[in-house]
Every structure is written in structure tokens, then in C-alpha cells.
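Chain order of the listed sequences is W and A. Start counting the first sequence at 97; every next residue gets the next number (our numbering). Start counting the second sequence at 2; every next residue gets the next number (our numbering). From the three backbone atoms N, C-alpha and C, an ideal C-beta is built for every residue, glycine too. Computed from a predicted model, the values in this text were never measured in an experiment. See structure below.
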Amino acid sequence: MHRILQRIICSVVVVFLHTGTAFALDGNEILRQVDANMQPQSYEMYRKLINVEPDGKKKEFVLYTVKTGQDKMVALFISPASEEGRATLRLGDNMWLYIPNVGKPLRITSLQSVIGGIFNNSDILRLDYSVEYDATGISEQEKTYQLDLKAKSPSVAYDHLKMTVDKESLLPLDIECYAVSGMLIKTLHYSKIQDFGDGMVRPSLLETDSPLHKGYRSVMLFAKVEKKEFADEVFTLNYMSRINELRK
Amino acid sequence: MNYESKGTVHRRITVSLFSKILLLSGLLLVAAPVNGSDEFSFDLEEIEKKPYQLGGYVELRGEHADINQGSVFTRLNLTDPNISTMDSLYGSIQLDGSYEYGISSLNVQLKAAAQQDTIGWSDLTLVNAAYVSLQPTPSATFSLGKKSYKWGKGYAWNPVGFVNRRKDPNNPEDALEGYVTLECDFIKSWQQSALQTAALTIAVLPVWDDINDDFGESDEVNLAAKLYLLYRDVDIDLMVLTGNSRSESIGLDFSTNLAPHFEIHGEAAYIPSFKKNILKEDNSSSIEENDTFSALLGIRYLSENDVTSIVEYYYNGGGYSEEEMADFYQLAEAGFSQSLEPGTDLLDRAREMSLKGYGRPQPGRHYLYAKFSQKEPFDLLYLSPGIVALINLEDQSYSITPEVVYTGVTNWEFRLNFSMIDGGSHTEYGEKVNSNKLELRARYFF
Chain W
97 MHRILQRIIC SVVVVFLHTG TAFALDGNEI LRQVDANMQP QSYEMYRKLI
147 NVEPDGKKKE FVLYTVKTGQ DKMVALFISP ASEEGRATLR LGDNMWLYIP
197 NVGKPLRITS LQSVIGGIFN NSDILRLDYS VEYDATGISE QEKTYQLDLK
247 AKSPSVAYDH LKMTVDKESL LPLDIECYAV SGMLIKTLHY SKIQDFGDGM
297 VRPSLLETDS PLHKGYRSVM LFAKVEKKEF ADEVFTLNYM SRINELRK
Chain A
2 MNYESKGTVH RRITVSLFSK ILLLSGLLLV AAPVNGSDEF SFDLEEIEKK
52 PYQLGGYVEL RGEHADINQG SVFTRLNLTD PNISTMDSLY GSIQLDGSYE
102 YGISSLNVQL KAAAQQDTIG WSDLTLVNAA YVSLQPTPSA TFSLGKKSYK
152 WGKGYAWNPV GFVNRRKDPN NPEDALEGYV TLECDFIKSW QQSALQTAAL
202 TIAVLPVWDD INDDFGESDE VNLAAKLYLL YRDVDIDLMV LTGNSRSESI
252 GLDFSTNLAP HFEIHGEAAY IPSFKKNILK EDNSSSIEEN DTFSALLGIR
302 YLSENDVTSI VEYYYNGGGY SEEEMADFYQ LAEAGFSQSL EPGTDLLDRA
352 REMSLKGYGR PQPGRHYLYA KFSQKEPFDL LYLSPGIVAL INLEDQSYSI
402 TPEVVYTGVT NWEFRLNFSM IDGGSHTEYG EKVNSNKLEL RARYFF
């Protein structure tokens with residue numbers, strides 16, 4: 097029932113957004129819809145990160161991720177063997193890294209990389225866009241919206257974003273990520289729309305390129321994105337060594 | 002064999018060992034898998050979970066060290082103090098296994114290591130951890146068995162690590178052996194509250210024959226407890242150790258982000274009756290009991306150009322003052338000068354006092370640790386150069402270690418470092434066995 101109601105509300109919002117002459121475009125509302133279409137608020141999912149070097153050599157990482165509420169998230173590396181058991185926890189602006197041999201969580205910053213390559217902690221533990229950013233501008237093209245997004249907090253990795261959103265599906269297509277200085281740090285490209293079940297139809301591929309790492313590419317593949325509820329106690333330092341036990 | 006010919010032999014061993022290490026590292030690199038395919042796929046088989054897990058790593062390490070000939074610890078510890086260099090080849094394997102059944106799990110970590118050096122062969126096998134745990138709810142966990150403890154927020158030292166094994170500041174991320182405990186862990190989280198999380202860990206640590214017998218006095222049952230709070234984005238731990246195996250201890254630690262790229266952490270420990278072996282004026286020894294306070298304050302800073310800085314100051318209240326260390330060095334010197342005379346026991350006394358505290362790592366009171374590492378400079382993916390400095394602030398002796406770590410080949414880690422160890426006469430690092438050390442390490446994870 098709740099799901100049907102949510103779809104009706106989404107459809108109404110989309111209809112209103114398409115009749116833009118009668119109602120002013122609300123960038124923040126579009127952003128919330130983008131988030132709702134990308135993942136449930138509480139979920140588990142698997143991601144594969146692939147770093148591709150200019151000579152075609154690849155390095156792959158697989159992550160298990162769980163999230164609950166607006167700002168509680170934990171990601172666990174399940175491969176390769178050299179990273180297995182590493183977990184990163186995010187509670188709002190706080191982040192910790194757990195390395196099995198070290199045996200205790202260490203506080204880290206959002207820009208610190210837990211692995212090599214173009215992805216950093218913020219990419220791996222990104223919260224909903226509407227939680228981290230405010231829409232400060234919006235423009236409309238024939239098939240897309242372009243949103244200008246400004247970080248709500250200085251702890252967010254990218255100071256502002258330019259997000260291109262598909263009008264029909266309200267899913268993101270491209271996102272340009274900028275530093276405070278205005279320098280373009282990286283560009284994200286979403287593609288390969290896939291039905292993950294339970295009404296979740298969203299991109300299954302995220303490609304990243306960066307002018308700072310010319311010739312290098314990073315790719316993120318998504319699998320088993322499923323709505324699931326977790327106890328708040330799962331998102332604590334004491335639980336970080338046991339995240340793998342959540343996997344079924 | 003005269004001294005010159007020994008030196009020639011040692012140089013030949015050095016060249017031979019390092020040729021083998023370099024050749025082996027080259028072969029390992031060539032043998033490592035490289036995937037040139039440009040297709041992206043994500044099979045569900047890759048994320049299938051098995052009830053058991055088995056992993057770990059194999060390590061091969063080669064070292065070449067110049068001996069600090071004439072130093073106090075060279076003469077105390079080496080059977081042949083005329084050795085000018087020391088070469089060693091070290092191999093180890095660490096196995097991590099776990100098995101889950103319902104709400105229970107079994108976790109094991111085993112380690113075996115062997116070393117061949119200029120002096121001889123040594124090896125060891127160790128059970129770092131072996132415990133069963135029960136987790137009836139996400140809020141409660143019970144475990145029984147051998148488990149490693151890493152209390153404290155410090156990177157190089159942990160004055161509040163009352164049940165920790167002492168870690169090596171040069172390799173602070175290595176796994177350490179645990180203690181046999183019965184442990185309960187309770188967690189409670191709150192939403193929309195200044196106190197976001199509270200967690201209580203209670204560990205019962207017995208010391209009997211063959212169980213935790215290196216922890217302290219035998220036939221005692223000790224209790225260690227830690228209360229963790231996440232309060233207004235600050236991590237806070239309060240910890241206590243009671244029982245008669247060691248002096249009772251209380252401590253606290255904290256860590257928080259003052260800015261998005263700036264973390265600060267600290268620890269403070271108070272031990273009301275800390276026991277310390279002291280060398281007296283007549284070269285006899287006694288155990289003194291004093292109120293002891295130790296503390297650590299540190300920062301972690303990430304710069305815009307991806308340089309991570311970790312800097313820590315450590316006040317070791319249970320350590321020896323510069324004057325106390327000077328007494329020990331004088332005893333050793335007296336022992337060296339009299340050791341040829343029959344009936345003298347000064348050298349034996351110096352060796353005994355070395356084992357009882359004066360010869361342990363970082364025996365002094367004031368230390369500074371600094372590590373600066375840069376992630377992937379000049380677009381060199383997976384390469385991290387860095388430099389680590391360890392300084393005794395009282396006698397200004399130090400160890401400085403530039404290093405480079407490469408993780409570009411899946412499941413391989415290569416580390417090359419060179420330590421310069423220096424200080425004046427009768428200073429901590431000036432009297433070490435090594436004056437410098439070159440180390441090449443390769444680890445394969447499976």
C-alpha cells in the first residue's frame with residue numbers, strides 16, 4: 097500500500113514538473129526524486145569497482161554496502177584478498193576505517209582514499225544527493241534538467257556539482273564534480289538502466305573520468321540493490337569487524 | 002678466520018642474499034596476473050557467501066643492516082660484537098579462518114615465521130587468535146577464547162592499551178597475539194541525540210599456568226572493561242583494568258575531527274602502583290612502586306595535495322629518565338671493561354637489567370612519532386612514498402625511515418624502506434645494534 101502511494105506521489109510530482117509553465121521548477125524536489133529512484137532509504141547492495149589504467153590493465157574491488165536512515169552507512173570490501181575485511185563506516189560527517197590486521201577503527205577524512213585509484217571515501221560512502229547538497233540553480237533542456245548543487249557542509253568531498261537529469265525517468269545521466277576553487281575534479285556518467293526488482297529501475301553502471309588522472313578510468317557496477325532494514329547498532333565502531341555476518 | 006676475511010664473507014653473503022631477493026621479487030612480479038580485458042561484468046557468483054572463509058598472506062622479507070660496532074646493545078646482545086653487517090632473510094605465513102553457523106562463529110588466526118641471518122636460524126609458530134562468539138542480537142556479543150585487543154586511539158603507541166600486546170611503532174599495522182578471555186560486548190544507539198552510541202566491553206582475563214602466563218602474576222583473575230561513547234561527534238573511551246596480575250589502571254581516550262581534513266586524538270592513563278625495575282647506585286636493583294601518568298596526543302591531517310600526516314607526542318610516565326638510562330649505560334661500560342677479569346658480574350647485571358626494562362623498545366619518557374605519506378604522486382597509481390621519524394626527545398636520538406609502498410598488482414604489496422638510526426654516545430638510538438637498515442618486503446594475500 098505504502099509502495100503504491102509512493103508511486104502515485106512520484107507520478108503526480110513528475111506530471112507537475114512536466115507542466116512547468118504552471119509551476120516553478122523545484123531543483124530540490126527533483127533531487128529528492130532522483131534519490132528515491134536511485135535507491136531506497138535503507139538497503140543493502142553490492143558494488144564492483146574497476147580501475148582501468150591507460151594500458152588497459154584493470155584492478156577490481158567488490159564491496160558490500162548497507163545503509164539505514166539518512167546518514168548511516170557502512171561498506172565492506174569482500175575482494176580482492178588484500179582488501180578483504182576492510183570496512184568504512186559513515187555516521188553523518190564522521191568516517192572510520194577498520195583494517196582487520198590493525199584490529200580497531202581509525203577516524204579518517206572523507207577525501208582519504210581507502211584504496212588506490214580515482215574513487216575516494218565519499219564516492220564509496222555517498223549519502224543521498226539531497227542530504228549532502230542543495231539545489232541552487234536549475235535549467236531545462238528538451239530532454240534533460242541541469243541542476244546546480246552546492247554542498248551543505250564543508251566536509252562533503254565536492255564543493256559543487258552540475259547534475260544532468262533525464263526528464264522522463266528522473267535518473268541522473270552525468271555529474272560534474274568541482275572543488276571550492278572551481279576546478280573540475282571528476283565527471284560521473286550513469287548508464288545501463290536495469291530492473292533490480294521491487295520497482296527499482298536505475299542505472300547499473302557508473303563510469304568516472306578525471307582530468308587529474310588523464311587516461312585512467314574508474315567504473316562502478318551495481319548488483320542486488322535491495323530494500324532492507326538494519327538495527328542502528330550495526331552502524332557502530334564495535335560492529336565494524338562483524339559486518340560480513342550481515343551477508344546472507 | 003681473521004676479521005678482514007670475516008668482513009669479506011659477510012659482504013659476499015650480503016650480495017648473494019640481495020641478489021636472491023631481487024630475483025625472487027622480479028619473478029613474483031612477472032608471475033603476477035595481469036588482466037588486459039576491457040569488458041566489465043559483475044557475476045553474482047563473485048558475491049556468493051560461504052559459511053567458511055580462509056585467507057591470509059605469505060611474506061618474504063630481506064634485510065641488510067650495518068652494525069653499530071661498539072654500541073652498548075651490540076656488545077650486550079651479539080655473541081660476536083665484531084660483526085660489521087647483518088643480513089637476514091625472513092619468511093612468514095599468516096592464516097585467517099572463520100566459520101559461521103547460525104548466531105555463532107569460530108575465528109582463528111595462525112602465524113608461522115622463520116628467519117635465517119648472519120648468526121643463525123630461528124623460527125616460531127603462534128596462535129594469534131582462536132575464539133568462538135555468539136551474537137544473539139546486533140546489540141550483544143559473547144566470545145570465549147584467544148583474542149587480540151587494540152585499545153586506544155594512538156597510531157604508534159597506546160598508553161591505555163592495558164590488555165594490548167606492545168606494538169612496534171615501525172610496523173603499527175601488523176597483527177598481534179591475543180590473550181585468552183571471556184568477553185561480553187553490548188551496544189546501544191540513539192537517533193536525534195547528542196549521545197549517539199554507547200558500547201560496553203567487559204573481558205575476564207585469567208592468568209594460570211599455560212594460560213596468559215606472560216600477562217603478569219599467576220593464579221589471578223583480572224577484569225578489563227571499556228565504555229565507548231560517541232558524544233557530539235567525539236569518540237570517547239573510558240577503560241579500567243583490575244586484578245592482581247598487573248597494577249590496576251584507569252584510562253581514557255578520545256578522537257574527533259576538528260575540520261574535515263583534520264583529526265585529533267589523545268589518550269591518558271593513570272596507574273596508581275606502577276612497578277618499575279630501577280638500577281641503584283651500588284649496581285643492585287630494586288622494584289619501585291609509584292603513581293604513574295602516561296599520555297599521548299596526536300593529529301592526522303590530509304593536505305590538498307594528498308599528503309597524510311600523522312604526528313604523535315608520547316609521554317611515557319613509566320619510562321626511564323635520561324639520568325636513569327645513563328646509569329644503565331655506565332653499568333654496561335663498567336661491565337665491558339671488567340668482563341675479562343674473573344669474578345666480576347657487572348656484565349651479567351647489565352644484561353639482566355636490559356631484559357627487565359632498560360633494553361625494551363622506547364624505554365625513555367618523551368617521544369615524537371611523525372609519518373608523512375603521499376598517495377600516488379605524479380599520477381603514479383598505487384604508489385605511496387612516505388617518511389617515518391621516531392625521536393627520543395630527551396636525548397635527541399632518532400630513527401628516520403623513508404619508504405615506498407606499491408600495491409598495483411592485485412593481492413600483492415611491496416615495501417622498500419631504509420632506516421637511518423643515529424644519536425650520540427649513551428643515547429637510545431646511538432646505542433642500538435643497527436646504525437642503518439635496508440628492508441625489502443613482498444606480501445601476497447590469498
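Q: Would you kindly report the start and end of the unbroken beta strand (DSSP E) that includes Q339 (chain A)?
A: No beta strand (DSSP E) contains Q339 (chain A), which is instead part of the alpha helix (DSSP H) from E323 to Q339.
Q) With a cut-off of 7 angstroms, does the C-beta of L317 (chain W) fall near any C-beta of chain A? A) So yes, L317 (chain W) belongs to the interface.
Q: Pull out every residue of the stretch 126-137 of chain A whose Cβ sits closer than 8 angstroms to any Cβ of chain W, in chain order.
A: So the list reads Q136, given in the order they occur along the chain.
Q. So which of A:S400, A:L439 and A:V410 has the shortest CA-CA distance to N418 (chain A)?
A. Comparing Cα positions, the closest option is A:L439.
(Q) By the three-class DSSP mapping on this structure, what secondary structure does S251 (chain W) have? (A) Three-state DSSP puts S251 (chain W) in coil, outside helix and strand.
**Q.** Residue(s) in a DSSP beta bridge with K112 (chain A)
**A.** K112 (chain A) is bridged by DSSP to A:Q95 and A:L127.
Q.
Here's a check: name, in chain order, each residue in its chain whose Cβ is nearer than 7 angstroms to the Cβ of K401 (chain W), leaving out the five neighbours to either side.
A. For chain W, the structure presents residues 97 to 344; residue 401 (chain W) sits outside this window and is missing.
Q: Give the residues from the stretch 171-194 of chain W that approach chain A closer than 9 angstroms (Cβ to any Cβ), ordered along the chain.
A: Taking 9 angstroms as the Cβ-Cβ cut-off against chain A, the residues of the stretch 171-194 of chain W that qualify are I174, S175, P176, A177, S178, E179, E180, G181, L187, G188, D189, N190, M191 and W192.
Q) Which chain A residues sit within Cβ distance under 7 angstroms of S251 (chain W)? A) Simply P261.
Q: In angstroms with no decimal places, state the Cα-to-Cα distance between Y271 (chain A) and Y316 (chain A).
A: Between Y271 (chain A) and Y316 (chain A), the C-alpha separation is close to 12 angstroms.
Q) For V330 (chain W), does the count of other Cβ atoms within 10 angstroms reach 16, so buried, or fall short, so exposed? A) Under this definition V330 (chain W) is a buried residue.
(Q) Does the stretch 320-338 of chain A come into contact with the stretch 48-56 of chain A, if we say contact requires no fewer than three beta-carbon pairs (one atom in each stretch) closer than 8 angstroms? (A) Taking one beta carbon from each stretch, the stretch 320-338 of chain A and the stretch 48-56 of chain A have fewer than 3 pairs nearer than 8 angstroms; the two do not touch.
Q) Over what stretch of residues does the beta strand (DSSP E) that includes F275 (chain A) continue unbroken? A) For F275 (chain A), the uninterrupted beta strand (DSSP E) run begins and ends at F263 to L280, by DSSP.
Q: May I ask you to report which of helix, strand or coil DSSP gives F331 (chain W)?
A: F331 (chain W): coil per DSSP, three-state reduction.
(Q) In whole angstroms, give me the CA-to-CA distance for N278 (chain A) and L61 (chain A). (A) N278 (chain A) and L61 (chain A): Cα-Cα distance of roughly 37 angstroms.
Q) Under a three-way DSSP split, which group does D380 (chain A) fall into? A) When DSSP states are grouped into helix, strand and coil, D380 (chain A) belongs to the helix group.
Q.
Does the CB of L303 (chain A) have a neighbour CB from chain W at under 7 angstroms?
A. Any Cβ of chain W closer than 7 angstroms to the Cβ of L303 (chain A) would place that residue at the interface, and such an atom is present.
(Q) At the 7 angstroms Cβ level, is K144 (chain W) part of the contact set with chain A, yes or no? (A) Interface flag for K144 (chain W) against chain A is set, since a Cβ pair is found closer than 7 angstroms.
**Q.** Where I84 (chain A) sits in the DSSP three-state scheme
**A.** I84 (chain A) carries a coil assignment under DSSP once its states are collapsed to helix, strand and coil.
Q | Classification of G387 (chain A) by the beta-carbon crowding that lies within 10 angstroms, buried from 16 upward | A | Counting Cβ neighbours within 10 Å, G387 (chain A) comes out buried, since at least 16 surround it.
(Q) I'd like to know whether the C-beta of T205 (chain W) is nearer than 7 angstroms to at least one C-beta of chain A. (A) Interface residue, yes.
Q | Where the alpha helix (DSSP H) through L223 (chain W) begins and ends | A | Run containing L223 (chain W): none; DSSP gives neither H nor E here.
Q. Which residue comes first and which comes last in the beta strand (DSSP E) that contains V410 (chain A)?
A. Neither: V410 (chain A) is in no beta strand (DSSP E) and is coded neither H nor E.
**Q.** Alpha-carbon spacing of S337 (chain A) relative to L77 (chain A), whole angstroms
**A.** In the sequence under discussion, the amino acid at residue 337 (chain A) is Phe, which differs from the Ser named in the question. F337 (chain A) and L77 (chain A): Cα-Cα distance of roughly 9 angstroms.
Q. For V205 (chain A), which residues from the same chain have a beta carbon less than 7 angstroms from its beta carbon, with the 5 sequence-adjacent residues on both sides left out?
A. For V205 (chain A), same chain residues with a beta-carbon under 7 angstroms away, outside a window of 5 residues either side, are T182, L183, V222 and L224 in chain order.
Q | For V161 (chain A): DSSP bridge partner residues | A | Answer is none; V161 (chain A) lacks a bridge partner.
Q.
Buried or exposed for E305 (chain A), going by 16 or more other Cβ atoms inside 10 Å?
A. Exposed is the call here.
Q. Quick one: which chain A residues come within Cβ less than 9 angstroms of E228 (chain W)?
A. When 9 angstroms is used as the limit between beta carbons, E228 (chain W) is near no residue of chain A, the shortest such separation being about 13 angstroms.
Q: Could you tell me which residues DSSP pairs with F292 (chain W) in its beta bridges?
A: DSSP output for F292 (chain W) lists no bridge partner at all.
Q | Outcome for K248 (chain W) when other beta-carbon atoms lying within 10 angstroms are tallied against a minimum of 16 | A | K248 (chain W) is exposed by the Cβ-count criterion.
(Q) Please identify the residue among W:D151, W:R298, W:K246 and W:K153 whose C-alpha is closest to the C-alpha of L269 (chain W). (A) The closest CA to that of L269 (chain W), considering only W:D151, W:R298, W:K246 and W:K153, is found on W:R298.
Q.
7 angstroms is my cut-off, CB to CB: does F168 (chain A) come that close to chain W?
A. In the sequence as displayed, the identity of residue 168 (chain A) is Lys instead of Phe. No, K168 (chain A) does not count as interfacial toward chain W.
Q: Give the C-beta separation of T161 (chain W) and R143 (chain W) to the nearest angstrom, bearing in mind that I take them to be a contact with Cβ-Cβ under 8 angstroms.
A: So it is a contact: roughly 6 angstroms between Cβ atoms.
Q) Say the cut is 6 angstroms; is the CB of F379 (chain A) nearer than that to a heavy atom of the ligand GDP? A) As far as ligands go, the structure on display features none, and thus does not contain the ligand GDP.
Q. In whole angstroms, what is the alpha-carbon distance linking V130 (chain W) and I392 (chain A)?
A. Pairing V130 (chain W) with I392 (chain A), the inter-Cα distance amounts to about 53 angstroms.
Q: Give a yes or no on contact between the stretch 165-180 of chain A and the stretch 136-154 of chain A, applying the rule of three or more CB pairs nearer than 8 angstroms.
A: Judged by Cβ distances under 8 angstroms, the stretch 165-180 of chain A makes contact with the stretch 136-154 of chain A, as three or more pairs qualify.
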